[in-house]
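Data first, discussion second: the structure below is written as C-alpha cells.
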Ligand SMILES: [Zn+2]
Ligand SMILES: [Zn+2]
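Residue numbers (full-length UniProt numbering): 1 to 273.
Okay, here's the thing in C-alpha cells:
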C-alpha cells in the first residue's frame, strides 16, 4: 500500500510508500504551477499565495522559495490518501506500463507493489534469478503460485541463497526461437492452468525492449494490443517494464496509448502525468 496525491490543476499523480517522499514531490509540483506568482529583485523574493491572501517577502531566495512551497503544501496536504494501491486507478485489472530501467530500485518496487495483491503471478523475464530473489526478499509471503517464463537455459544456476524447492514456483523454459504468437499463447495457457475462480492474476512483463529490438514496431505494438485485451478478459493485472532512455521518445509516446496507465518509477516513488 502507498500514499497518493493527485493534482487538482492537472493530471499529475504521485505515489510512494513514504509520506515524506510524497510531500517533497507535491511541493515541487505545486511550485511548478505557481512559480509565476514569485517576483524577485535585488532585495530578495516576494510571493502571493494563489489560494489565500498571504504574501511573503524573503531576502534569501532559497529560503523564500522553501517557505512558499511549505505554505502551498498546507493547502493540499489533506488531499493525500493513504493505504492506496496504484492499480486502484484502473479498478485493479488491466495493464500498466512502468517506465524505468529494468534492473533498478524503482522497477523492483513496482514489481513488488503490483505482485503483492496476487494469488497467481507470472513473470516473463530474461533475469529469472533476480525475480525470485525479489519475491523471496521483498514480499511478506510468496503468491500461492508463481511461474517464470524465460529463455534462460539454467535460470536458477546461481541461486543458492533461497530454498527454491520449498517455494511455490514453476519455471517454463522457452525455446530461444519461439515466435511472438507462441509466446502469447504460452503465457495465456499458463494463466489458464493456474487460474481458479477467485484467484487474482498478475503478469510482470520484462521483455518489451527485446520485442521492440527483434521485431518491427508495428508487429510489437500489435502483439501488446492483442495480449492486453486477452489478459484484460481474464481480469489480470499486467505490469510491463520499459527503459525510457533505450527507446525513441516518439515510440514511447505511441506505446503509452496501448496501456490503461503509465507510470515513472524512481526509487520509492511512482508518478504519472
Ligand atoms: Zn498539477
Ligand atoms: Zn495560502
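All residues carry an ideal CB built from backbone N, CA and C; glycine is no exception. The structure displayed is predicted, hence computed values, not measured ones.
- Per DSSP, the beta bridge partners of residue 58 are 45.
- Sequence-distant Cβ neighbours of residue 75 in its own chain, meaning closer than 7 Å and more than five residues away, are 51.
- One thing to note: residue 94 has its Cβ no nearer than 7 Å to the Cβ of residue 220.
- Checking the DSSP bridge columns, you'll see residue 95 partnered with 238.
- Residue 10 has its CB nearer than 6 Å to a heavy atom of ligand 1.
- Around ligand 2, the residues whose beta-carbon falls short of 6 Å from at least one of its heavy atoms are 49, 51, 52, 54, 71, 75, given in chain order.
- Beta-bridge partners assigned by DSSP to residue 150: 173.
- Between residue 124 and residue 149, the C-beta gap is smaller than 7 Å, which places the two residues in contact.
- Considering only 71, 253, 145, 213, the residue with the shortest C-alpha distance to residue 196 is 145.
- Scanning its chain for C-beta atoms nearer than 8 Å, with the 5 sequence neighbours on each side dropped, one finds around residue 60 the residues 44, in chain order.
- Within the same chain, and ignoring the five residues on either side of residue 48 in sequence, the residues whose Cβ sits closer than 6 Å to its Cβ are 37, 55.
- A check of alpha carbon separations from residue 179 across 211, 218, 203, 5 identifies 211 as the nearest.
- Pairing residue 22 with residue 238, the inter-Cα distance amounts to about 25 Å.
- Put simply, of 214, 143, 157, 31 the residue whose alpha carbon is nearest the alpha carbon of residue 127 is 157.
- Taken through DSSP and simplified to helix, strand or coil, residue 205 comes out as strand.
- Within 10 angstroms of the beta-carbon of residue 57 lie fewer than 16 other beta-carbons, which makes it exposed.
- The segment 156-170 makes no contact with the segment 68-86, as fewer than three CB pairs between them are under 8 Å.
- Between residue 209 and residue 119, the C-beta gap is not smaller than 7 Å, which leaves the two residues out of contact.
- In this structure, the straight-line span from the alpha carbon of residue 39 to that of residue 71 is close to 16 Å.
- Taking every protein chain shown into account, the CB of residue 269 has 16 or more other CB atoms within 10 angstroms, so this residue is buried.
- Under the three-state reduction of DSSP output, residue 20 falls in the helix class.
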